[in-house]
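Enquirer: For reference, each letter of the sequence shown is one residue, going 1 to 91 in UniProt numbering.
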Amino acid sequence: MSIDPRVALQSLTSALEEHLAAVSARRSDGDPAVEAAFFAVADAFEVYDDALYEAYGEVTPLEVIDGDEEDEDDEDVDDEEDLEILQNSEN
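#1: Would you identify the three-state DSSP class for S11, choosing helix, strand or coil?
#2: Which same chain residues, not among the five before or five after Y48, have their C-beta less than 6 Å away from its C-beta?
#3: Can you tell which of R27, A55, Y53 and E63 has the C-alpha that lies nearest to the C-alpha of V41?
#4: Helix, strand or coil: which one does DSSP assign to R27?
#5: So what does DSSP say about P5, is it helix, strand or coil?
#6: Report all residues from its chain with a CB closer than 8 Å to the CB of G57; omit the five preceding and five following residues, and keep chain order.
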């Protein structure tokens with residue numbers, strides 16, 4: 001059963017508003033309300049993007065970034081910097 005993209009968009013908009021409210025009322029760096037709102041936005045976005053694709057064959061230009069992928073990218077940069085340093089020291 002597919003979800004109406006308009007309904008999914010309303011859910012995404014609500015999740016974004018709840019995220020803003022949680023961030024503006026943050027009590028600490030690790031505030032669980034902010035984390036929960038963050039994941040609610042990610043989930044609502046994926047539902048909207050899927051609904052949009054099912055209904056119209058289109059997607060948004062956005063994607064949800066997995067924290068693990070970001071860490072891997074950072075490691076790649078470190079490896080490239082280390083290689084460059086090593087090459088420069090050999091010259």
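Note that the Cβ used here is the ideal one computed from N, Cα and C, for glycine as well.
Expert: Here's the rundown:
#1: helix
#2: A8, L9 and L12
#3: E63
#4: coil
#5: helix
#6: none
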